[in-house]
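> Can you keep this structure in mind? I'll have questions shortly.
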Amino acid sequence: MSKLSIRGSEPLKGSVRIHGAKNASLPIMAAALLTEGTSVLSRVPRLTDVRTLTLILEALGMRTERIASDTLQLRVLNQKNCTCPHELAIEMRASVCVLGPLLARRGRAEVPLPGGCVIGERPIDLHLKGLRALGADIQQKNGYVFAKAKRLKGTRIYMGGPRGSTVLGTANVMTAATLADGITTIEHAACEPEIQDLANYLNGCGALIKGAGTNTVTIEGVKRLEGTLHRVIPDRIEAGTFACAAAATGGDVLLEGARPDHMSALIDVMQNMGVKFEIDDSGIRVACNKGLRAADFTALPYPGLPTDMQPQLMAVLNCAVGTSVVTDSVYPERFTHVGELHRLGADIIRQGPQAVIRGPGSLTGAPVTARDLRGGAALIIAGLAAEGDTIVSGMDHVDRGYERMENRLRGIGAQVKREGGAPFEVGQLQLPFRRAAS
Ligand code: EPU
């Protein structure tokens, strides 16, 4: 199992270039199944989730090629197979993104119930409700969703659920509606920047989508979609993670290319904690040289504070003076990092969807285990802030969402070392992910 060893307690200083967003790249790659031409996507990060989806798309008849280190070229070559491979689908949540595009373009989709990080219940009932409203016949059997439709038909769909909007549910219905007859209106759509990026890609392919990024999205169906060139938005969660690492170590880091307009809620919470932000054309500079203050926050759908930043911010709050209350309204069970933070000396009490953090803790290095992607990032941040040596096992979780985390941390002065090999080692760098697709 791959591990990261960290010698903590040095302030991070320097600049780090922010990569393209994982959670924008994945639905956009899946949406390329809808198109008849070639799409070229730039700023696609080298992540294991991206690689897994590439393999799924290859199995579904798409040719995929890394034509430059951050650029993927995609083209559908044949449309015979409508079944998403089980062993790949259970690796990641975003495998469910092929459902809408397959159904709309091929009239049939067989997609296993997706896997992904263990952060609580993650049903797909809202995805299925939306696709049924478009006229699809959907059955669930043997761990698969079987969906078929001769032709989807536009309608008005309310997509809100018990925890608010659904990001990938909105993506699935929006992609399916691009080739439906007539107009679809999604009410209570997810407003995340990744949904807006997906709509921008689809509109580049010839779709007619309006309102993406707001909670009402309208899609006028078209007969066909072409390929296009598209540059994926920068990853706001990756940028936020480096911002937290800078804050927890009392550092000063420039997040090159980060989009402050996508990070307002996080910047607001961190400013309340005493972290300084300077924004200019090159990105966001994050500096923190005085004592951090405690803060309360609740993770909410966008434009609220992202649940994908809850664990990393909690790691920073261990270094802040006072008592903080953290609530996760999106994933009330997303607290696997709490037990591991205890090993580093954190004073945290979990109560249902909330955690109470009493700081400042005197964190000391220890062996810990990442149990999910963002929880793993939180352990790295806490390890960087702790006295002495921390070893984070389970780095394969972190590799799903952060490209070469250790190299980039080293670039801003962290003393970190990978043990057990990283994905995409130097020798593999130029290799395309491509497999034969006929
Ligand atoms: N939900 C339902 N029914 C559904 C779908 C969702 O009840 O049919 C509930 C979920 O259980 C959850 C809430 O609605 O409580 C929000 O889930 P959502 O569907 O928005 O999550 P997702 O689309 O599956 C994406 C990201 C997650 C991120 C969430 C929330 C991708 C690939 N994944 O998941 O990212 O946490 O939105 O912002 O885009 C991560 O990157 O670490 C990650 C987990």
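Numbering (the numbering used here), first residue to last: 830 to 1267.
Don't be surprised by glycine CBs; every beta carbon is placed ideally from N, CA and C.
The model shown is predicted, which means the values in this text are computed figures rather than measured ones.
(1) Please classify Arg846 as buried or exposed, where buried requires at least 16 other C-beta atoms within 10 Å of its C-beta.
(2) State the Cα-Cα distance for the pair Ser838 and Gly1223, rounded to the nearest angstrom.
(3) Specify the secondary structure class of Cys854 as computed by DSSP and reduced to three states.
(4) May I ask you to check if the CB of Gly797 is nearer than 7 Å to at least one heavy atom of ligand 1?
(5) Taking only the alpha-carbon atoms, compute the straight-line gap between Glu1107 and Lys958 and give it to the nearest angstrom.
(6) Examine ligand 1 and report whether any of its heavy atoms sits within less than 7 Å of the Cβ of Lys851.
(7) Confirm, please, whether the CB-CB distance from Glu1023 to Pro856 is below 8 Å.
(8) Quick one: residues in its chain with C-beta nearer than 6 Å to the C-beta of Gln1259, no 5 flanking neighbours on either side, listed in chain order?
(9) Please state whether the Cβ-Cβ distance between Asp1064 and Gly1205 is less than 8 Å.
(10) Using alpha carbons as the reference points, say which of Pro1161, Ala1251, Glu865 and Leu1129 lies closest to Val947.
(11) How many angstroms separate the CA atom of Leu997 from the CA atom of Ala1019?
(12) Grab me the residues of Gly1086's own chain with a C-beta within less than 7 Å of its C-beta, minus the 5 sequence neighbours each way, in chain order.
(13) Just tell me which of Thr1219, Arg935, Pro943 and Ala1041 has its CA closest to the CA of Ala978.
(14) Starting from Lys977 and walking both ways along the beta strand (DSSP E), at which residues does that stretch end?
(15) Just to check my reading of the structure: Gly1194 and Asp1176 have Cβ atoms closer than 8 Å, yes? What is that Cβ distance to the nearest angstrom?
(16) What does DSSP give as the partner residue(s) for Gln1244 in the beta ladder?
(17) Mapping the DSSP letters down to three states, classify Lys842 as helix, strand or coil.
(18) Tell me whether Pro991 sits in a helix, a strand or coil according to DSSP, three-state version.
(19) Does the distance from the CB of Leu1134 to the CB of Ala1094 come in under 8 Å?
(20) Please tell me whether Pro1182 and Thr1156 are closer than 8 Å, where the distance is taken between their beta carbons.
(21) Alpha carbon to alpha carbon, what distance is there between Lys909 and Ala1199?
(22) Consider the C-beta atom of Asp954 and the heavy atoms of ligand 1; say whether any pair is separated by less than 7 Å.
(23) Exposed or buried, which one is Gln969 when buried takes at least 16 other CB atoms within 10 Å?
(24) From the DSSP secondary-structure annotation, give me the bridge partner or partners of Lys970.
(25) Say yes only if the C-beta of Asp1137 is nearer than 7 Å to one or more non-hydrogen atoms of ligand 1, and no if none qualify.
(26) Check this for me: beta carbons of Pro974 and Leu1008, under 8 Å apart or not?
(27) What are the partner residues of Leu1037, as DSSP defines its beta bridges?
(28) Just the Cα atoms here: how many angstroms apart are Ile800 and Leu963?
(29) Using the C-alpha atoms, what's the distance from His1017 back to Cys911?
For this structure:
(1) By the 10 Å Cβ count, Arg846 comes out exposed.
(2) Straight-line Cα distance between these residues: approximately 22 Å.
(3) Residue identity differs from the one stated: residue 854 is Ser in this sequence, not Cys. DSSP, read as helix, strand or coil, puts Ser854 in helix.
(4) Because the chain spans 830 through 1267 in this model, residue 797 falls outside it and cannot be assessed.
(5) Taking the Cα positions, Glu1107 is about 44 Å away from Lys958.
(6) It does: the Cβ of Lys851 is within 7 Å (strictly closer) of some heavy atom of ligand 1.
(7) Judged by their CB atoms, Pro856 and Glu1023 are nearer to each other than the 8 Å cut-off.
(8) At Gln1259, the pLDDT of 34 sits below 50, so the modelled position is not reliable; the number obtained from the coordinates is stated separately. No residues qualify anywhere along the chain.
(9) The answer is no: Cβ separation not under 8 Å.
(10) Selected option, being the one with the closest Cα: Pro1161.
(11) The straight-line gap from Cα to Cα measures roughly 8 Å.
(12) Arg846, Ile847, Pro1063 and Gly1112, listed in sequence order.
(13) Considering only alpha carbons, the answer is Arg935.
(14) Taken as a continuous stretch (DSSP letters only), the beta strand (DSSP E) holding Lys977 covers Tyr973 to Lys977.
(15) Between the beta-carbon of Gly1194 and that of Asp1176 there is about 17 Å, and that puts the pair past the 8 Å contact cut.
(16) Partner(s): Arg836.
(17) Here Lys842 sits in strand by DSSP.
(18) In the three-state reduction of the DSSP assignment, Pro991 falls in the coil class, being assigned neither a helical nor a strand state.
(19) Against a cut-off of 8 Å, the Cβ pair of Ala1094 and Leu1134 comes out as a contact.
(20) Taking 8 Å as the cut-off, the Cβ atoms of Pro1182 and Thr1156 count as close.
(21) Here the C-alpha atom of Ala1199 lies approximately 39 Å from the C-alpha atom of Lys909.
(22) Flag set: Cβ of Asp954 near ligand 1.
(23) Around the beta carbon of Gln969, fewer than 16 other beta carbons lie within 10 angstroms, which makes this residue exposed.
(24) Paired residues: Tyr973.
(25) Taking non-hydrogen atoms of ligand 1 into account, the C-beta of Asp1137 is found less than 7 Å away from one of them.
(26) The question names Pro, but residue 974 in the sequence shown is Val. Contact check for Val974 against Leu1008 fails: the beta carbons are separated by 8 Å or more.
(27) Answer is Glu1049, bridged to Leu1037.
(28) The structure shown does not extend to residue 800, since the chain spans only 830 to 1267, so no value can be given for it.
(29) The straight-line gap from Cα to Cα measures roughly 29 Å.
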